[in-house]
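See below for the structure under consideration.
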Amino acid sequence: MSAVAKTIKREPFENYAPSPVRKAALEAKAAEPPPYIRARAPEWLSRVIGPVIGIALFIGLWALLAASSPNLPGPAKTWVSAVQVFGDPFYRKGPNDQGIGWNVLNSLSRVGIGFGLAALIGIPLGFMVGRFRFLSDMSAPIISLLRPVSPLAWLPIGLLVFKAANPAAIWVIFISSIWPMIINTAAGVRQVPQDYLNVARVLNLSEWKVFTRILFPAVLPYMMTGVRLAMGVAWLVIVAAEMLTGGVGIGFWVWDEWNNLNVEHIIIAIFTVGVIGLLLEQLLLLVARRFEYE
Amino acid sequence: MDKYLSIEHVDMVFDTRKGPFTALADINLGVGQGEFVSLIGHSGCGKSTLLNLVAGLLKPTSGAMILATREIAGPGPDRGVVFQNHSLLPWLSCFDNVHLAVERVFGEGESRAELKARTRRALELVHLGDAESKFPHEISGGMKQRVGIARALSMEPNMLLLDEPFGALDALTRAHLQDELMRIVAATGSTVLMVTHDVDEAVLLSDRVVMLSNRPAAGIGEVLDIDLARPRERLALAAHPRYLHYRKTVLQFLYQKQMRVAA
Chain C
45 MSAVAKTIKR EPFENYAPSP VRKAALEAKA AEPPPYIRAR APEWLSRVIG
95 PVIGIALFIG LWALLAASSP NLPGPAKTWV SAVQVFGDPF YRKGPNDQGI
145 GWNVLNSLSR VGIGFGLAAL IGIPLGFMVG RFRFLSDMSA PIISLLRPVS
195 PLAWLPIGLL VFKAANPAAI WVIFISSIWP MIINTAAGVR QVPQDYLNVA
245 RVLNLSEWKV FTRILFPAVL PYMMTGVRLA MGVAWLVIVA AEMLTGGVGI
295 GFWVWDEWNN LNVEHIIIAI FTVGVIGLLL EQLLLLVARR FEYE
Chain F
193 MDKYLSIEHV DMVFDTRKGP FTALADINLG VGQGEFVSLI GHSGCGKSTL
243 LNLVAGLLKP TSGAMILATR EIAGPGPDRG VVFQNHSLLP WLSCFDNVHL
293 AVERVFGEGE SRAELKARTR RALELVHLGD AESKFPHEIS GGMKQRVGIA
343 RALSMEPNML LLDEPFGALD ALTRAHLQDE LMRIVAATGS TVLMVTHDVD
393 EAVLLSDRVV MLSNRPAAGI GEVLDIDLAR PRERLALAAH PRYLHYRKTV
443 LQFLYQKQMR VAA
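Same order as they appear, the protein sequences are chains C and F.
Residue numbers for the first sequence follow this note's numbering, beginning at 45 and rising by one.
Residue numbers for the second sequence follow this note's numbering, beginning at 193 and rising by one.
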């Protein structure tokens with residue numbers, strides 16, 4: 045009974061369309077105060093219960109799958125290995141055998157450099173493309189042509205030009221994360237409300253003031269969306285790029301452990317990549333929320 | 193009365209996909225210093241276009257506009273504009289929204305403290321002194337519009353241009369702000385050009401009501417002088433025979449002479 049009342053309270057009515065009679069009954073029920081206030085589960089518990097069940101189910105399925113396949117390590121085995129791996133994340137035994145901490149930090153620094161360069165060039169470019177019609181017309185065919193290209197296709201070009209693996213990997217990150225930033229920033233500039241620009245014109249603001257007080261704040265939410273998308277792509281791509289280029293990095297680590305047939309470590313790497321991707325996303329969401337106005 | 197703002201033979205033709213479209217044809221209008229003039233007409237008759245021309249946001253196809261002996265060549269802080277949808281910048285506090293304008297006009301000659309004092313004075317004029325640190329989304333529609341008025345007034349403009357300033361507000365808030373506006377205009381001696389579609393608002397606030405005829409090629413249909421003593425009292429005027437006569441004249445123009453064919 046209390047569970048039913050709770051569902052009614054939480055679900056917006058637009059989400060489903062009960063028959064008029066039922067709807068009226070539901071509304072009447074929602075309107076009167078719930079009789080069992082003490083019986084209700086606390087808010088945090090009901091929010092936590094779904095994810096917990098989902099994760100438990102996932103681990104259960106994994107264990108089941110591992111039990112029937114001798115090569116796939118189960119959750120318990122992976123856990124033991126993970127405790128070991130994370131117990132000493134910063135060891136160094138030669139160039140091809142370093143702790144997971146070093147691998148992650150190296151990958152992050154490549155992403156940071158490639159992504160940072162892409163932001164440095166992509167965001168101003170996006171502003172210009174959005175502001176000047178001619179530039180937009182000029183760049184539109186190139187962007188539409190190059191954007192759908194798989195990021196790894198750029199790797200040989202990078203190797204050719206830079207003649208080294210590390211800059212080539214950074215180049216791949218750069219080229220794959222620059223498009224969302226250009227496109228979203230430009231879209232943001234095009235969508236600055238005319239009212240704000242009229243204010244700028246009526247007040248006769250200087251170009252600098254227009255940029256700092258109107259254009260930039262108005263575009264910021266769009267720009268942050270581009271940055272977030274770009275970060276997602278960059279983190280996706282680094283694993284694949286490092287598999288090909290080698291060197292210390294989480295992608296190379298996966299490939300190396302595949303050659304060692306250490307499947308536990310591969311699974312650990314998958315989770316590590318996932319968790320770091322999630323953290324990066326949350327971090328950028330946090331930053332983006334700081335710039336929301338209404 | 194001298195013509196402070198003078199609009200002479202102004203035409204406004206827009207290039208549309210269907211060819212040129214004459215929005216305004218041969219507009220002639222003079223506004224004296226300290227005068228309050230309203231533009232009224234059906235929606236789409238070009239009254240906002242005319243205001244935007246005076247604001248400098250649009251350039252006339254032909255004709256001349258002169259404000260305080262200088263030709264209007266573009267937008268400028270000598271005209272304070274209040275937009276219908278307030279147009280406050282959502283990322284700036286009320287104070288900063290007004291300060292942006294103050295800084296632009298007086299930034300070169302005055303100290304920071306003086307600029308801040310000006311901003312505060314403008315906000316106090318619209319009774320928003322204690323809401324200065326609030327952001328636009330935290331205040332009501334009427335308060336936003338007051339900030340818009342404060343922003344326009346803070347520049348000490350030669351002329352105040354109001355584009356349906358209270359159109360988006362509920363009737364009670366609108367009446368309240370109309371009274372406020374009358375008080376502010378009386379206190380500052382501002383010259384005002386206001387676009388409205390509200391007959392009562394036009395008659396109550398104005399010294400002169402300019403009625404625009406319908407498109408295409410809208411022009412000035414009739415001009416009505418409002419001879420009512422100030423300060424005007426909304427309640428006292430409600431039964432005032434001259435007020436009722438003015439109101440009826442405007443209504444007749446709008447609904448008999450300029451009845452929209454397709455509306």
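Glycine residues also receive a C-beta, built at the ideal position from the N, C-alpha and C atoms.
Quick check on the DSSP output: the beta strand (DSSP E) that includes residue i runs from which residue to which?
i       : result
F228(F) : F228 to I232
H201(F) : K195 to T208
D355(F) : M351 to D355
G413(F) : I412 to D417
M403(F) : R400 to L404
A261(F) : For the sequence presented, residue 261(F) should be read as Thr rather than Ala. That residue, T261(F), is in no beta strand (DSSP E); it is neither H nor E in DSSP.
Looking at the C-beta of residue i, does it have a partner C-beta in chain C at a distance below 8 Å?
i       : result
P269(F) : yes
A247(F) : yes
A293(F) : yes
A454(F) : Confidence at A454(F) is low in this model, with a pLDDT of 47, below 50, so its placement is unreliable and no value can be given for it.
For residue i, would you say it is in contact with chain F, using Cβ-to-Cβ distances shorter than 8 Å as the test?
i       : result
E58(C)  : Since pLDDT at E58(C) reaches only 44, below the 50 mark, its modelled position is unreliable, and no value is offered.
K50(C)  : Legend: pLDDT at K50(C) = 42, less than 50; position of this residue unreliable, no value from coordinates given.
I258(C) : yes
P265(C) : no
Just to confirm the assignment, what range does the alpha helix (DSSP H) spanning residue i have?
i       : result
F171(C) : I144 to R175
D371(F) : A363 to T380
A85(C)  : Per DSSP, A85(C) belongs to no alpha helix (DSSP H) and is neither H nor E.
A369(C) : Lying outside 45 to 338, the shown extent of chain C, residue 369(C) is not represented and no answer is given.
G131(C) : P119 to G131
N220(F) : Element bounds for N220(F): not the alpha helix (DSSP H) but the beta strand (DSSP E), G211 to G224.
R296(F) : C286 to F298
R460(F) : In the structure as shown, chain F starts at 193 and stops at 455, and residue 460(F) therefore has no counterpart that could be examined.
L241(C) : Q238 to L247
R338(F) : G333 to S346
Excluding the five sequence neighbours on either side, which residues of its own chain have a C-beta within less than 6 Å of the C-beta of residue i, listed in chain order?
i       : result
V297(F) : P269 and M347
I341(F) : V274 and V318
V202(F) : I219, P252 and G255
G381(F) : G226
L116(C) : A110
I264(F) : G248 and M257
Among the residues of its own chain, which have a CB less than 7 Å from the CB of residue i, if the five just before and after it don't count?
i       : result
I226(C) : G166, L169, G170, V173 and I187
V281(C) : P195, V216, I217 and S220
Q450(F) : H234, S405, N406 and G413
E55(C)  : The pLDDT assigned to E55(C) is 43, lower than 50, so where the model puts this residue is not dependable; a value taken from the coordinates is nonetheless given after this. Hits under 7 Å: none found.
L324(C) : M275 and W279
N277(F) : A360
Measure how close the beta-carbons of residue i and residue j come, nearest whole angstrom, since I'm counting them as under 8 Å.
i       : j       : result
V395(F) : V442(F) : 6 Å
A410(F) : C286(F) : So it is not a contact: roughly 36 Å between Cβ atoms.
T316(C) : V124(C) : Not a contact, Cβ separation roughly 16 Å.
K239(F) : V387(F) : 5 Å
V246(C) : P267(F) : 5 Å
M374(F) : L259(F) : Between L259(F) and M374(F) the Cβ distance is about 23 Å, and since that is not below 8 Å, they are no contact.
L353(F) : L284(F) : Not confirmed; about 22 Å, so no contact.
G138(C) : A209(C) : That pair is no contact at about 17 Å.
P290(F) : T311(F) : One detail in the question is off: residue 290(F) reads as Val in this sequence, not Pro. Indeed they touch by this definition, with Cβ atoms about 5 Å apart.
I294(C) : V277(C) : The Cβ separation is near 16 Å, so there is no contact.
Under 7 Å between beta-carbons, which chain F residues line up against residue i? List them in chain order, please.
i       : result
D141(C) : Those within 7 Å of D141(C) in chain F number zero; the least Cβ separation is about 51 Å.
Once the 5 residues before and after residue i are set aside, which same chain residues still bring their CB inside 8 Å of it?
i       : result
E295(F) : L307
V391(F) : I232, R439, V442, L443 and L446
T122(C) : E308, I311 and I312
M193(F) : Residue placement at M193(F) is poorly supported in this model, since its pLDDT is 49, which falls under 50; the coordinates still yield a value, given next. Only G224, Q225 and E227 meet the Cβ criterion.
D399(F) : E227, F228, V229, D417 and I418
In chain F, which residues lie less than 8 Å from residue i when you measure between Cβ atoms?
i       : result
V243(C) : F275, S279 and L281
Y240(C) : S279 and L281
Under 7 Å Cβ-Cβ, which residues of chain C neighbour residue i?
i       : result
R296(F) : L247, N248 and L249
For a contact meaning CB atoms closer than 9 Å, what does residue i contact in chain F?
i       : result
P114(C) : Here the premise fails: no neighbours, minimum Cβ distance about 60 Å.
P261(C) : L281, P282, W283 and L284
Is residue i near the ligand ATP, in the sense that its beta carbon is under 7 Å from a heavy atom of that ligand?
i       : result
Q370(F) : As far as ligands go, the structure on display features none, and thus does not contain the ligand ATP.
Any beta-carbon of chain A closer than 8 Å to the one on residue i?
i       : result
K326(F) : In summary, chain A is missing from the structure at hand, where the protein chains are C and F.
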